[in-house]
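Start counting the sequence shown at 49; every next residue gets the next number (our numbering).
For every residue, glycine included, the Cβ atom is placed at its ideal position computed from N, Cα and C.
Computed from a prediction, not measured in an experiment: that's the story for all the values here.
Notes to accompany the following structure.
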Amino acid sequence: MSFNSLYGNFFRKTMILIITVVLSSCSEDIIDIDLASFEKSIVIEGIISNQQGPYTVRISRIDNYFSDDISHTVSDATVIISDNEGNSESLTETEPGNYVTSSFRGVPGRTYLLTVISEGKEYRASSKMPLPIEFSSINSEYVIQNNYNLLLYIKDRKEIEEFGRIKIFKNGGYKNEKMFQDQYSEGDVVLIKEKNFSRFDQVTIELITLEKNIYRYFEDLKDIEENKNSDAIEIIKLASGNPKSNITNNALGYFSAQTYKQYSYVIK
C-alpha cells in the first residue's frame, strides 16, 4: 500500500471516529481536536538508491478528509536532488505529481539533499546513504508436512549501527516485510526467520539498508497500519503521532538515500 492511500484512509477513518466519539459520548470529558490541522498538508516521498535510476519524487496534498479522493497531486513544483560532491539535477515532471531524474545515481557514503519549492514554500531534506547490509547466507529448514522456514543470516558489523527493511516475495507475489536493526547483536550473526513455504518455492528477497531516522519512520508507519482497527481513542492517539518526517516546513513523508540488494533462492 502506498503512503498516500494508507494515510488517506487513515485520516478519513480518524475523522469519522472522532465525530462518532463526540456525538455518542455521555461523559463530561472534552476531546479537543483541531480538524484543520489535518488538512492542506503536503506529502513528499523521495528515494534515491545505489541502483541505476531513474528515481521518482512524488508530491501530493491532503485536502479534504471527508472526500473519497483525499489526496491530490501537486504539479509545477521545482524539485532538485544534489549531493555533497557538487553533483545536482533538476527533476522533470513526467506526469502529475511525479518528478523524475534522468542520469543521477546514488553512491553509498554520500549525503543527498532534496529541495522542493511549491506554491512559494520551500521544503528540504537530507539523507546519507549507508553502506549496504548483506546476507552472509540463505538457507531453509524442513518443519512438517511440506512446510519449510526460510532462514536469512546477517553478519553484524562491529561499531556500525545498521537498520534495514527486508521484503520477501514468494513465487512472484508479495509475502511479507520485516524490519531489522542490530541493537543487541554487536559482531554476531543475526538469524531472521520467515515461515510457511513449500519445497521448490521461488523466493525473492529485497534487502534495503536505511538510515536510523528512516527506519523509525517506517516502523511508525507499520504501527499505524497494524492498529487501523483499534478503537476510536487509540485512533485519535495515533493521529497526533504521525511518523516523524525528515522534511522541513511541516511536510509529511520522507526522503531516503538507501542501498538495495536483491537475492533469489529456491526452497529445498
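Cα-Cα separation, residue i to residue j
i	j	result
L198	Y263	23 Å
K206	Y160	25 Å
F211	G220	25 Å
I81	I295	In this prediction, I81 has a pLDDT of 45, which is less than 50 and means its spatial position is unreliable; what the coordinates show is noted afterwards. Their backbone Cα atoms lie some 24 Å apart in a straight line.
Y147	I96	13 Å
N224	K215	6 Å
F228	I186	16 Å
P102	K241	33 Å
K292	D268	8 Å
F303	D236	30 Å
R158	N261	16 Å
L71	K316	Residue placement at L71 is poorly supported in this model, since its pLDDT is 48, which falls under 50; the coordinates still yield a value, given next. The straight-line gap from Cα to Cα measures roughly 58 Å.
Y222	Q250	12 Å
R153	I208	24 Å
P317	T307	This structure cannot settle anything about residue 317, because the visible part of the chain is limited to 49 through 316.
D131	A173	12 Å
S123	E133	29 Å
R213	Y265	12 Å
K151	Y171	Residue identity check: residue 151 is Ser in the sequence provided, not Lys. If I take the Cα positions, the gap works out to 23 Å.
For residue i: DSSP bridge partner residues
i	result
K176	T159
I221	Looking at the sequence provided, one finds Gly at residue 221 rather than Ile. For G221, which the question treats as bridged, DSSP gives the partners K218.
S304	I95
F183	I202
Y313	V251
S188	L198
S136	S130
L239	Y201
I165	T126 and E170
Cβ-Cβ distance between residue i and residue j below 7 Å
i	j	result
F183	I202	yes
T163	I107	no
T88	N297	As written in the sequence, residue 88 is Lys, which differs from the Thr given in the question. No, the pair does not count as a contact, with Cβ atoms beyond the cut-off.
I90	A299	yes
L255	K309	yes
E137	T149	yes
N98	P156	yes
T257	S312	no
F248	Y196	no
I165	T104	no
G301	E93	yes
D230	D204	yes
Neighbour flag for residue i against chain B, beta carbons, 7 Å
i	result
Y222	Of the protein chains in the structure, only one exists, and it is not chain B.
Start and end residues, beta strand (DSSP E) containing residue i
i	result
I253	Q250 to L258
R247	Unbroken run through R247: none, as it is neither H nor E.
I110	T104 to I110
E141	T140 to E143
T126	T126 to D131
V148	N146 to V148
Stretch pair the region 131-145 + the region 191-198: three plus CB contacts closer than 8 Å:
no
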